[in-house]
Amino acid sequence: GDSVTQMEGPVTLSEEAFLTINCTYTATGYPSLFWYVQYPGEGLQLLLKATKADDKGSNKGFEATYRKETTSFHLEKGSVQVSDSAVYFCALSVDQGAQKLVFGQGTRLTINP
Amino acid sequence: NAGVTQTPKFRILKIGQSMTLQCAQDMNHNYMYWYRQDPGMGLKLIYYSVGAGITDKGEVPNGYNVSRSTTEDFPLRLELAAPSQTSVYFCASRPPFGRHYEQYFGPGTRLTVT
């Protein structure tokens, strides 16, 4: 079946550090890929997405590139801020209609000032 | 717009009790979803709906029921609560603009079954 694997957390960084959160996937079809973010006490919000190979999704300084050859969608940010502290989820969808998301286990990120 | 709202925020149930988790959206979205999030795990899809009167099972539907009588509301029913249903439940909705469009999530309901 379809699955998403994220790097183990938690991840703790200092402000202005470079961030990478690894995400790899297994899919039976040609998936769309998403990163969602969950701030403390809130529901999930879409951070970025990519719908075909070599697409780069970007938002709020975060980027991720859809790599079909390595089945990966790693999240990066060049300089993190304290406000980036949250849980980050990688997800995929392969169905054509209902968009039934399959999520990774989430990576908790803490940024220290 | 209030977006996606969920009630209650917290609930403690005894084993065998029943309850309904409420979800409503005011964005006129066709698609609605119920997920559960267990500690340290990603979200898993319980049920989804593509429009009023149409529902279908997700990955983990056992022990739950849903209905969709209106576009706005998508309640989730637990009939005989079990400790394994202790989780955080999220409702989400999405417009029918294409399969890549984002899902909008509610703030969640934290349920404990003891």
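Chains X and R are the protein sequences, given in the same order.
Residue numbers for the first sequence follow the numbering used here, beginning at -10 and rising by one.
Residue numbers for the second sequence follow the numbering used here, beginning at 53 and rising by one.
Glycine residues also receive a C-beta, built at the ideal position from the N, C-alpha and C atoms.
The structure presented is a predicted model; accordingly, all values stated were derived computationally and were not measured.
- prompt: Three-state secondary structure (DSSP) at Gln137/R?
  reply: helix
field: Test: Pro135/R CB closer than 7 Å to a CB of chain X
entry: no
Under the three-state DSSP convention, the category Ser21/X falls into: strand
- request: Would you please state the rounded distance, in angstroms, between the beta carbons of Leu8/X and Lys66/X? I believe it to be under 8 Å.
  value: 4 Å
task: Let me know if Tyr28/X comes out buried or exposed under the rule of 16 or more other beta-carbons within 10 Å of its beta-carbon.
output: exposed
query: Mind checking whether Gln155/R and Ala144/R have CB atoms under 7 Å apart?
result: yes
- request: Taking Tyr116/R as the query, report the chain X residues whose CB atoms sit under 9 Å from its CB, ordered along the chain.
  value: Within 9 Å Cβ-Cβ: nothing; Tyr116/R doesn't reach chain X, min ~16 Å.
query: Name the residues in the stretch 74 to 95 of chain X whose C-beta lies less than 9 Å from a C-beta of chain R; which are they?
result: Phe78, Cys79, Ala80, Ser82, Asp84, Gln85, Gly86, Ala87, Gln88, Lys89, Leu90, Val91, Phe92, Gly93, Gln94 and Gly95
message: By DSSP's criteria, Met(-4)/X is part of a beta bridge. Which residues make up the other side?
response: Partner(s): none; Met(-4)/X has no beta bridge.
task: Compute the distance between the beta-carbons of Thr107/R and Tyr116/R, then report whether it is under 7 Å.
output: no
- request: Find the nearest neighbour of Arg129/R within the set Asn114/R, Thr122/R and Gly105/R, judged by alpha-carbon distance.
  value: Asn114/R
message: Within a Cβ cutoff of 7 Å, which residues of the same chain sit near Gly110/R, ignoring the five residues on either side of it in sequence?
response: Leu97, Ile98, Tyr99 and Tyr100
- prompt: How many Å lie between Ser82/X and Gln74/R at the Cα?
  reply: 26 Å
- request: Measure from the alpha carbon of Ala55/X to the alpha carbon of each residue in Ala80/X, Gln70/X and Ser74/X, then state which is nearest.
  value: It is worth fixing the name first, because residue 55/X is Tyr in this sequence and not Ala. Out of Ala80/X, Gln70/X and Ser74/X, Ala80/X has the C-alpha closest to the C-alpha of Tyr55/X.
message: Less than 7 Å between the C-beta atoms of Ser(-8)/X and Thr15/X, yes or no?
response: yes
query: For Leu37/X, does the count of other Cβ atoms within 10 angstroms reach 16, so buried, or fall short, so exposed?
result: buried
Proximal residues, the stretch 95 to 113 of chain R versus chain X, C-beta separation under 7 Å: Leu95, Leu97, Tyr100, Val102 and Gly110
field: CB contact flag (Thr13/X, Thr40/X, <7 Å)
entry: no
- prompt: What residues from chain X crowd round Met93/R, counting only those whose CB sits closer than 7 Å?
  reply: Gln94
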